[in-house]
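Report on the structure given below.
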Amino acid sequence: MKTLGLIHSTIRADEKLIIEAARKKNIQVKLIDIRTQIFNPETFVLDFDVALERSVSTVKGDYAIKFLENLGVPVVNFSEVAAVCGDKFLTSLALRKVTVPTPDFAMVFTLNQAVEAIKKIGGYPVVIKPAIGSWGRLLAKINDSDSLETVVEHKEVLGGPHQKAIYIQQYIEKPGHDIRAFVIGGKVICAIYRDSKHWITNTARGGVASNCPVTKELSKICKQASEAVGGGILAIDLFETKDGYLINEINHTMEFKNSEEPTGVSISSAIVDYCVEQVG
Ligand SMILES: Nc1ncnc2c1ncn2[C@@H]1O[C@H](COP(=O)(O)OP(=O)(O)O)[C@@H](O)[C@H]1O
Ligand SMILES: [Mg+2]
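Taken in order, the sequence shown gives residues 1 to 280; the numbers are from full-length UniProt numbering.
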């Protein structure tokens, strides 16, 4: 029998769904609480066949992935995938390199550079967001040079080292929602619309999930985007425009608890199946 090592911190509703899905399939789950582990290759006991990284903290999760990869255990997702998806600038670069449509973007470090970069992107509005971040936190829609100046100054004076790297993205008008597609092994298993009156549509910020039909076009761009970042289990955020879809960002340890009900798809079951398939 195969054992799935579930690397976790707080067990959220998402992890509970994964544990339950594994139980239904008679897959043994070894809970690996990242807060109690000693990642020392001399002493670590390897008693699972594949690991799924679900730590809330990206930094800690990344170390666990790298440690287990070093010991030769299959890990979902690969550290290379986590490295690209964990950083929005690296994701944008990876997509652009293989011409997967994505909003225009730039990385700058000063106000002057930001002013020039925004001209080249096509002007205001733009979005400034932490390259490393989630849940819609610290996103700023910049409508004019006054707000640009303020946000850049706040970052320079108050921000930690990561906040001083200014990732700028073209603002894309949405029809009241964006799309999140759940992609496993390059296949879109389901997708949701996230509706909100606010321009930030994360469900963590009150966006409401409803089923989004998986069209051929959606499948195609998501497959390309998944390949561009190295595949695995991904949640891809997209915008719809009159010229087709644009990939906004890609998440490598996705939350999906609000999406099983509207889509009728057991995302947790597909996650467990994919992990088990990784065992050689
Ligand atoms: N460039 C943009 N244009 C329009 N809306 C955006 C843009 N960037 C982000 N948003 C909105 O903010 C949400 C959160 O942004 P996202 O880039 O996905 O960061 P996070 O990692 O915090 O989810 C998106 O789902 C979308 O609703
Ligand atoms: Mg997002």
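In this text, a Cβ means the ideal position worked out from N, Cα and C, and glycines have one as well. All values derive from a computational prediction rather than experimental measurement.
| Item | Value |
| --- | --- |
| Under DSSP, the beta strand (DSSP E) around Q278 begins and ends at which residues? | Where Q278 is concerned, there is no enclosing beta strand (DSSP E), given that its DSSP letter is neither H nor E. |
| How many Å lie between L23 and Y167 at the Cα? | The sequence shown places Arg at residue 23, not Leu. The straight-line gap from Cα to Cα measures roughly 42 angstroms. |
| So T10 is in the beta strand (DSSP E); what residue range does that whole segment cover? | Here T10 belongs to no beta strand (DSSP E), and DSSP marks it neither H nor E. |
| To the nearest angstrom, how far is the alpha carbon of A228 from that of A235? | 14 angstroms |
| Suppose only complete runs of 4+ residues qualify. What are the alpha helix (DSSP H) ranges in the segment 45-88, listed by chain order? | 58-70 and 79-85 |
| Measure the C-alpha to C-alpha separation of T43 and Q37 and round it to an integer number of angstroms. | 10 angstroms |
| Measuring CB to CB, does D47 end up less than 9 angstroms from K2? | no |
| Go ahead and pull the three-state DSSP assignment for E240. | strand |
| For a test of the three-state rule: what should DSSP assign to V151, helix, strand or coil? | helix |
| Could you please give me the residues that DSSP links to H198 through a beta bridge? | Partner(s): none; H198 has no beta bridge. |
| Taking all protein chains shown into account, decide if G207 is buried (16 or more other Cβ within 10 angstroms of its Cβ) or exposed. | buried |
| Nearer than 8 angstroms: is that true of the beta carbon of N248 relative to any heavy atom of ligand 2? | yes |
| Just the Cα atoms here: how many angstroms apart are V115 and V157? | 18 angstroms |
| How long is the line joining the alpha carbons of T150 and V108, rounded to whole angstroms? | 15 angstroms |
| If you pair each beta-carbon of the segment 138-154 with each one of the segment 122-130, do three or more pairs fall below 8 angstroms? | yes |
| Leaving out the 5 sequence neighbours to the left and right, which residues in its chain are closer than 6 angstroms to K223 when beta-carbon positions are compared? | G186 |
| DSSP on L93, reduced to helix/strand/coil? | helix |
| Under DSSP, the beta strand (DSSP E) around A140 begins and ends at which residues? | A140 to I142 |
| DSSP three-state label for K129, please. | strand |
| Taking K197 as the reference, give the member of H177, T215 and V73 with the closest Cα. | H177 |
| Taking the CB atoms as reference points, tell me whether T102 and L246 lie closer together than 9 angstroms. | yes |
| Taking just the CA atoms, how far does A225 sit from I233? | 12 angstroms |
| If you count every other CB in all the chains shown that lies within 10 Å of the CB of D33, and 16 or more means buried, which is it? | exposed |
| Who are the near neighbours of V56 in its chain, counting only those whose CB is closer than 6 angstroms to its CB and skipping five residues on each side? | S9 and T10 |
| Give a single yes or no on whether R96 has its beta carbon closer than 8 angstroms to a heavy atom of ligand 1. | no |
| In chain order, what residues of the same chain have a beta carbon less than 8 angstroms from the beta carbon of P41, not counting five sequence neighbours either side? | F67, N70 and L71 |
| Mapping DSSP to helix, strand and coil, what is K187? | strand |
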